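Following: one structure in structure tokens, then a few remarks.
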Amino acid sequence: MTSLSNSVSAAAEPHDFAPTPMMVGGEVADFFALLKPRVMVLVIFTALVGMVVSHVHIQPVVGVISLLMIAVGAGASGCLNMWWDADIDAVMTRTATRPIPGGRIQPGEALAFGIVLSVGSVLVLGLASNWLAASLLAFTIVFYAVVYSMWLKRATPQNIVIGGAAGALPPMIGQAAVSGSVGIESTILFLIIFIWTPPHFWALALIKAGEYAKAGIPMMPNVAGPQSTRRQIIYYSIVLFPVGLAPVFLGFGGWLYGVTAFIGGLGMLAFSVHVYRNREGEAERKAALGMFGFSILYLFLLFSAVLAEQGLGLYRAVLA
């Protein structure tokens, strides 16, 4: 056991980040912070929407356990991401106080915590629901923690584009958990999140380009330049508009969803143009932050509309 612990500790010092002698086991709140709780909330929300668009009776216990395990799996991948990126987090202002670079949790503790949660969440989801959902969850964890964090993030400015697939998978996992299959509904929800991710994240990257450069991360503004990034934000927003409306034409988005998607899609386009036109100083910062903030609101309202319409439909079906 001691030998295994030493091996894990030795393997748990990624890149040039080394723990200081003052590092000791963190508090419960520190371990919880490793799970990226705000991301977990978004994962639970989008996975729930994936469940309700399945048009099947959801066993309450299975539904709750599935949502919990999907959230734990997402948290586990976030934990492994923080372990691997400890050297990057230490030099970036917005991440320097995270548990590992902040000196509250040792890298080896984070690695072990992430692995245990990853394996546990996949096994419990498979036993409680089905192995298709468990396999999708396992793929999501590996894709985010290994493909994105360990490779794409440091290798290509397309890191967010390709890596965004991990964040877009929860609706498909949710649908698989309650129906045993993946349908067109959750596939479209996947595409919406996938296409939404680049303009959402690149808006923030425009004003954080200096920090990414200092950390050696090839984000789009640092590699292709700010102007090319602004154009790509517009291109993705243009593509997002019809994809966002797709649920209406496929029959699982009603009038509430249609109005929300139409107005929200126009808003994404308007903010992307605003970002393109404001290229310097405080005007650039405000435009980029405005785009970033509105994109979060857009996705939340879009999925809320689906949840409201589909949830009401399920409620009526139960009463009937």
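Each number in this note's numbering corresponds to the 1-based position in the sequence shown with 55 added. Backbone N, C-alpha and C fix where the C-beta goes; we use that ideal spot for every residue, glycine too. No experiment lies behind these values; they were computed from the predicted model shown.
Residue i classed as buried or exposed, judged by whether at least 16 other C-beta atoms fall within 10 angstroms
i: Phe358; result: buried
i: Gln161; result: buried
i: Met77; result: Low local confidence applies: a pLDDT of 40 at Met77 is under 50, so the model's placement there is unreliable, with the coordinate-based value given in what follows. Exposed, because fewer than 16 other Cβ atoms sit within 10 Å of the Cβ of Met77.
i: Gly314; result: In the sequence under discussion, the amino acid at residue 314 is Val, which differs from the Gly named in the question. So Val314 ends up on the exposed side.
i: Val237; result: buried
i: Val216; result: buried
i: Lys91; result: buried
i: Leu305; result: exposed
i: Ala151; result: exposed
Proximal residues to residue i (C-beta, below 8 Å), its chain only, five neighbours per side dropped
i: Val117; result: Ala183, Ser184, Ala232 and Val233
i: Gly322; result: Phe349 and Tyr353
Coarse secondary structure for residue i, derived from DSSP in three states
i: Val7; result: Summary: the structure shown does not reach residue 7, with the chain confined to residues 56 through 375, and so no result is reported for it.
i: Glu240; result: helix
i: Phe304; result: helix
i: Ala151; result: coil
i: Val107; result: helix
i: Met78; result: Here Met78 scores only 42 on pLDDT, less than 50, and its place in the model should not be relied on; the value that follows carries that caveat. If DSSP states are grouped into helix, strand and coil, Met78 belongs with coil.
i: Gly235; result: coil
i: Glu164; result: helix
i: Ile217; result: helix
i: Gln287; result: helix
i: Arg332; result: helix
i: Ile248; result: helix
i: Pro273; result: coil
i: Asn136; result: helix
i: Ala360; result: helix
i: Ile143; result: helix
i: Arg93; result: helix
Contacts around residue i, its chain only, beta-carbon distance under 6 Å, and the 5 residues preceding and following it disregarded
i: Gly320; result: Phe296 and Gly299
i: Arg285; result: Val330 and Tyr331
i: Ser241; result: Gly105, Pro226, Met227 and Gln230
i: Asn333; result: Glu339 and Ala342
i: Gly218; result: Tyr203 and Leu207
i: Ala88; result: Pro154
i: Gly309; result: Glu364
i: Ser173; result: Ala131 and Ile196
i: Met275; result: Pro212, Trp257 and Thr284
Other residues of its chain near residue i: CB distance less than 7 Å, five sequence neighbours each side excluded
i: Ile377; result: It is not possible to answer for residue 377, since the shown part of the chain is limited to 56 through 375.
i: Ala193; result: Val177
i: Ala279; result: Pro212
Check whether the stretch 243–258 touches the stretch 129–136, counting contact only when three or more Cβ pairs, one atom from each stretch, lie closer than 8 Å.
no
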